[in-house]
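For reference, the structure is listed below as structure tokens.
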Amino acid sequence: MRFRGGPVLGIESSCDETSAAIVSDRRVLGHVILSQDAHAVFGGVVPEIAARQHLVHIDEVVAQALDEARIRPAELTGVGVTAGPGLVGALLVGLNWAKGFGYALSIPVIGVHHMEAHLFANSLESHDATPPFVALLISGGHTLLLHAPAWGRYELLGSTRDDAVGEAFDKVARRIGLGFPGGPEIERLARKGDAGTYSLPRRMLSGRDAPGDPAWFDFSFSGLKTAASRLMAAIEKGDEKDIDAARPHVAAEFQEAVIEVLTAKTMRAVEHTGCRRVLLGGGVARNGPLRERLAACLEPDGRLFAPSPRLSTDNAAMVARLAEHRLAGGEVDGLDLNADPRLPFPGLFSSTPDRSEAR
Ligand code: KG4
Ligand code: ZN
Numbered sequence: 026m027r028f029r030g031g032p033v034l035g036i037e038s039s040c041d042e043t044s045a046a047i048v049s050d051r052r053v054l055g056h057v058i059l060s061q062d063a064h065a066v067f068g069g070v071v072p073e074i075a076a077r078q079h080l081v082h083i084d085e086v087v088a089q090a091l092d093e094a095r096i097r098p099a100e101l102t103g104v105g106v107t108a109g110p111g112l113v114g115a116l117l118v119g120l121n122w123a124k125g126f127g128y129a130l131s132i133p134v135i136g137v138h139h140m141e142a143h144l145f146a147n148s149l150e151s152h153d154a155t156p157p158f159v160a161l162l163i164s165g166g167h168t169l170l171l172h173a174p175a176w177g178r179y180e181l182l183g184s185t186r187d188d189a190v191g192e193a194f195d196k197v198a199r200r201i202g203l204g205f206p207g208g209p210e211i212e213r214l215a216r217k218g219d220a221g222t223y224s225l226p227r228r229m230l231s232g233r234d235a236p237g238d239p240a241w242f243d244f245s246f247s248g249l250k251t252a253a254s255r256l257m258a259a260i261e262k263g264d265e266k267d268i269d270a271a272r273p274h275v276a277a278e279f280q281e282a283v284i285e286v287l288t289a290k291t292m293r294a295v296e297h298t299g300c301r302r303v304l305l306g307g308g309v310a311r312n313g314p315l316r317e318r319l320a321a322c323l324e325p326d327g328r329l330f331a332p333s334p335r336l337s338t339d340n341a342a343m344v345a346r347l348a349e350h351r352l353a354g355g356e357v358d359g360l361d362l363n364a365d366p367r368l369p370f371p372g373l374f375s376s377t378p379d380r381s382e383a384r
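Okay, so the sequence shown: first residue is 26 according to our numbering, each after it adds one.
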């Protein structure tokens, strides 16, 4: 089955967003994102609930997206679906739905990598968000610093050695007494506080690191998370009213520590590669102060590409866009396409021997 160009349906169900979109020649014709709110009371995503919720909503989400696009199923020319990484039960709902739909319509189906799709979100809004570029992909499950000389070829420069940056935002938010997801809550509270009132560590940013050290591009957020928790414990020994007054300062200092590390490592990648175009992707890319800092660091001759907020967090438009790109390149999957919770990033390579394992 060959792709002949035209509207592509994208399906995303790797975590707690059920989403469908129709994209044609980089234009989003219809796009529906249903964020499951059933997880909020648990302070994190419950895999079993996520899978069941996808199953309940996927039909209506696709129908709404088609409606919005004013497209009949028979007009679709391909289907793209997130095949991993993610929660396996959640992934399987979208994947099986997409395979059944593609088979029924006799149109090609392709499985895509969720984090590569985050990268492609940029190309829906900026036609010049093309390689070569440095990419910082920051989400609830991943923290990746890449250099892309071409689409589909990604040099791994750095990644997290423990927690993903979004995970740190979520856990610290919970410790401060904020809701889930924690990133937007911390950003909001931090506006009322001052970074520097307290001091939290900037891990893997020691003055002793040098280019060529394995630590030069890598991240670590677990120590920062623990330090924030210890700081809260110390503050909680004081008066109730002092605890309330301290929360915004802790949020601001935590956010500042994250921004300093992410910005410094990204700028190291820019120096190392000589490439002054940086693409952001993933839910944490929504963070306003982070975007402002990175954009300022890249001035005057560099450029930051960052998707609009709706296209930064999980969505199906980015999946449809990547599917469109790969289908146009002649790729297609068979009915044996399976969900892989640890799907390796396609085209990932490393120039340093100790990074040869694909993450
Ligand atoms: O990409 P995404 O929607 O899902 C995953 O693939 O993980 O990312 C979700 C993550 C969550 O950890 C959430 O707290 C974080 O993105 N996030 C933010 C902001 N908005 C969402 N982190 C910092 N600042 C934000 N404004
Ligand atoms: Zn994501």
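Glycine residues also receive a C-beta, built at the ideal position from the N, C-alpha and C atoms.
Check                                                                                            : Outcome
Beta-carbon gap between ALA123 and LEU347 smaller than 7 Å                                       : no
Contact shell at 5 Å, judged by CB to any heavy atom of ligand 3, ordered along the chain        : With respect to ligand 3, the structure offers nothing, as its ligand set consists of ligand 1 and ligand 2.
Nearest neighbour of ALA310, chosen from GLY299, THR298, GLY202, ASP339 [CA to CA]               : ASP339
Burial state of PRO206 (16 or more Cβ within 10 Å)                                               : buried
HIS297 versus GLY111: straight-line alpha-carbon distance, rounded                               : 31 Å
Spatially closest choice to LEU352 from GLU37, THR43, SER49, by CA coordinates                   : SER49
Reduced DSSP secondary structure (H/G/I, E/B, other) of ASP358                                   : strand
Inter-residue Cα distance where the pair is VAL71 and GLY165                                     : 14 Å
Close beta carbons around CYS322, own chain, < 7 Å, minus the five adjacent residues each side   : THR288, MET292
Alpha-carbon to alpha-carbon, ARG178 and GLU382                                                  : Any reading at GLU382 must be qualified, since the residue scores a pLDDT of 43, below 50, and its modelled position is unreliable; no value is offered.
Supposed close pair ARG272, ILE201 - CB separation, criterion 8 Å                                : 5 Å
Segment limits, alpha helix (DSSP H) that includes PHE194                                        : 190-201
Span separating the alpha-carbon of ARG384 from that of ILE268                                   : Legend: pLDDT at ARG384 = 46, less than 50; position of this residue unreliable, no value from coordinates given.
Near ligand 1: GLU281 beta-carbon under 6 Å from a heavy atom                                    : no
Integer Cβ distance of VAL286 from PHE330, believed to fall under 8 Å                            : Not quite, the Cβ-Cβ distance comes to about 21 Å (not below 8 Å), so this is no contact.
8 Å Cβ shell around GLY96 - same chain, five flanking residues per side excluded                 : Correcting the residue identity first, residue 96 is Ile in this sequence and not Gly. Closer than 8 Å at the Cβ level, and outside the excluded window around ILE96, lie PRO32, ILE47, LEU54, GLY55.
Short Cβ contact (7 Å threshold) for VAL159 with VAL66                                           : no
6 Å CB neighbourhood of ASP358 in its chain, flanking five on each side removed                  : VAL134, ILE135, GLY136
Cβ neighbour criterion (16 or more within 10 Å) applied to PHE194                                : buried
Contacting residues, own chain, Cβ-Cβ under 8 Å from GLU73 (five flanking each side not counted) : GLY114
Spatially closest choice to GLY183 from ALA173, VAL190, LEU169, by CA coordinates                : LEU169
Distance cut-off 6 Å: VAL309 Cβ against heavy atoms of ligand 1                                  : yes
SER381, DSSP secondary structure in three states                                                 : With a pLDDT of only 44 at SER381, under 50, the local geometry of the prediction cannot be trusted, and no value is derived from it.
Which of helix, strand or coil DSSP assigns to ALA259                                            : helix
Status (buried if at least 16 other CB within 10 Å, exposed otherwise) for MET229                : buried
Simplified DSSP state of ALA271, which is helix, strand or coil                                  : helix
Straight-line Cα distance separating LEU214 from ALA258                                          : 19 Å
Opposing strand residues paired with SER60 [DSSP bridges]                                        : GLU42
Near ligand 1: ASN147 beta-carbon under 6 Å from a heavy atom                                    : no
DSSP state of VAL70 mapped onto helix, strand, coil                                              : coil
Below-7 Å beta-carbon distance, ARG233 vs any chain C residue                                    : Absent from the structure: chain C. Only one protein chain is present.
Length of the line joining the Cα atoms of GLU356 and GLY105                                     : 11 Å
Span of the alpha helix (DSSP H), counted from its first residue to its last, around VAL113      : 113-130
Three CB pairs or more closer than 8 Å across the stretch 231-239 and the stretch 270-284        : no
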